[in-house]
Each structure stands twice: as C-alpha cells, then as structure tokens.
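Take a look at the structure set out below.
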Amino acid sequence: MQTLPAEEEPWHPFQSHGDFEFSEIALDPALNKNQVDQLLSFMARISQGQAQITLKNKANLHKALDNAAAELTPFSKHKVKVPYKKEEWVYKVHVCPLWDWALDLLDNPLLAPHFVWDVQCVYKHDGDQWWDIQSRLLPDLKAAPFCFILYADKTRLSSHGTVKGHPVVVCCTNLPVKIQNSKGIGSGWVVRWLPIVPKDTSKEGKLRYTTLKCVVWHKSFVKLLVNLDQYLKTGCMMSLICGVQCKCSCPVCLVPLNELHNLSKTFPIRGGVHLLGELKMILTDLGCEAEDKFEKQITEFPRWHAEGINY
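Here this note's numbering is used: the first residue of the sequence shown is 2, the next is one more, and so on.
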C-alpha cells in the first residue's frame, strides 16, 4: 500500500507554524481588530525584551486580578425588599460605595495636581449651582464643594450571572473634562447596577406598576450613599428634569416651584444664547466632508422616547 509523503509545511499558506497557531487563538474568541493588534504588539515587545510576563495559567491571572481589585473599593451585594400586591419582592443590587470611590480619587497621587477646587465661571455655560454653593461658604472656612455627576446609561445592559442591570456611572466634576471623558484613571466609573423590574405588558403604564419601579430604583439608590449621607447637608437638585414637578418649571425664568404664586419677586431669566449658529460656522469652515460626518453622527445618536414618541 502506497502512503502519501508527509507534507513539510502543513500550515501553508501561513508563513510559519506560529502564525497558524496565533490565528486559531485569535479566531476562537472572535477578537476584534484592536484586540488582535494590541496582542501582536504586546508579543513583539516581549520578544524584543521590552516587556515581561510571569503569568503561567488562568489561576495566576485570577490571583493577579484579585490582588489588584483589593487596592480599590470593591462592589458589595445588597437585597432590596419591596412590598407589592401583598407579596415581598426581592431585588439584588450591586453597588460600590460612592464615598469610598471618592476617597480613592483623592488618595491617587497622579490625580492630585489636576483637581480644581475653586469654581470657574465659564460664560457659555449655566452651571451656577457650584458657584452659588461655594459663595455661601464662610470666608474663613477652608473648604470647597466636592461635586459628582451620576447618570444611568440605559442604552447599555450588563449582567452579573443571571442578574441584569443598567450601569450607573459617576464622575468627579472637580477634575478637568478631558480626564472625566477619558478611559483611564479619574474617568467615569461604574458604581452601581440599576435593577430591572421584569416587564409585564398587562401592567405596563398602570400607576401601581410604575410606582413599583420607582420604589425599587429609589431604595437601591440609597445603598449607593452608604458613608456619604453624613456629609449631605443641603440635599440635591436633579438637572434636565422638565414638567410641572421640576424644581423650576417656568420656561422663561428660574422661579422656584414654591414661588410661582409670588408675582412681587423677580428671578433670573433663562439663558437664550444657542451655539447652533456658531456650530454651523465651524462646520462651514471645515468643509462638506465634516458636515456629512456630523450629520451622520447625529443621526446615529440614540434617541429617548416616551409613549411611542421619539425625540
């Protein structure tokens, strides 16, 4: 019986057996372009002696990650109990204590030179709350506001095992915007997962079911304020809230809700300067290609909607 001669290069058309093995490793988890490029770059640095790796297996990797996680504020799991229709519903909430996260920022020597403690008045914006708070502090009191921005990203859905939730992100406004919007140290940080109340089409829109959602979200938010409530003295105001229940419902001036009946007082007028005209001039100078790219990005930007109406 005649046998076929052994092929000297069974990995052909790959240039080497190593290229073939790397292709299998990269395709198995479906790595994207950036991940493949980063992995190849890292391997090149190792071969050139510019980088060193001591990990031998997955157990070593997990141990290294656990040691790194111990240096940061960990997530903790809480149970939120809500009565509904004579039953007690339990929701799992994963939170990272907000104050502990803030202390991590303050303890970081790399961020220390970038903190801004004195309010800056920028004429194009109307963020007066921080300015007004610091103005009311006693002159001889060496203190400054420590401000956070919290928001829930409902365009993203993440899961911990079988528990799903929307990420709640926090950033510190005492840091420059460039750092806040980056992906490194001092950028936005996930500190909580917003529990998802299972959808029920037969109950959707009803007052009792809507109230259930609000109670679950509000009770889970309290878990985020552990160790922080003792520092809260003046409460908070939610921005970008419109309608008759907002703090300043008048579309013309900034009259507080509890002063709407008082016509003897005057209040600051809402800003009417819009950046659209200036933006159009910039796009015109940049050319048609920039205008087309801008329009495409605006079209792809996710819209929020209410009762079937897209905005």
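By construction, the Cβ of each residue, glycine as well, lies at the ideal position given by its N, Cα and C atoms. In this text, all values refer to a predicted model and were calculated from it rather than measured experimentally.
The three-state secondary structure of G19, taken from DSSP, is helix.
In this chain, the alpha helix (DSSP H) harbouring F43 covers 34 to 48. Annotated as proximal: H95 and K78, with beta-carbon spacing under 8 Å.
A contact between stretches requires three or more CB pairs, one per stretch, nearer than 8 Å, and the segment 209 to 219 fails this requirement with the segment 174 to 191.
Closest by C-alpha distance to A52, out of K179, F43, W102, is F43. With a contact defined as Cβ atoms closer than 8 Å, W100 and L261 miss out at about 36 Å. By the Cβ-count criterion, L287 is exposed, with fewer than 16 other Cβ atoms from all chains shown falling within 10 Å of its own Cβ.
In this chain, K59 is not harboured by any beta strand (DSSP E); it is covered by the alpha helix (DSSP H) spanning 59 to 70.
A Cβ-Cβ contact shorter than 8 Å links V169 with A153. The three-state reading of DSSP puts F76 in coil, since its state is none of H, G, I, E or B.
Annotation for A70: no residue places its beta carbon closer than 7 Å to its own, counting only its chain and skipping 5 residues before and after.
In the DSSP assignment, H95 falls within the unbroken beta strand (DSSP E) covering 88 to 96.
Across the structure, W90 and P196 are spaced so that their CA atoms are roughly 12 Å apart.
For the 8 Å CB-CB criterion, C173 and L106 form a contact.
Excluding sequence positions up to five before and after H115, its CB lies within less than 8 Å of the CB of L176, P177, I180, G187, all in the same chain and listed in chain order. CA-CA distance, L40 to A103, rounds to 33 Å. For L195, the enclosing beta strand (DSSP E) starts and ends at 190 to 196.
If you draw a straight line from the Cα of E290 to the Cα of D38, it comes to about 29 Å. Of the residues assessed, C97 falls on the buried side of the cut-off, its CB having 16 or more other CB atoms within 10 angstroms. Between C247 and V256, the C-beta gap is not smaller than 8 Å, which leaves the two residues out of contact. Within the same chain, H167, L195 come within 8 Å of K155 by CB-CB distance, once the 5 residues on both sides are set aside. Contact annotation, W132 with C148: C-beta distance approximately 11 Å; criterion of less than 8 Å not satisfied.
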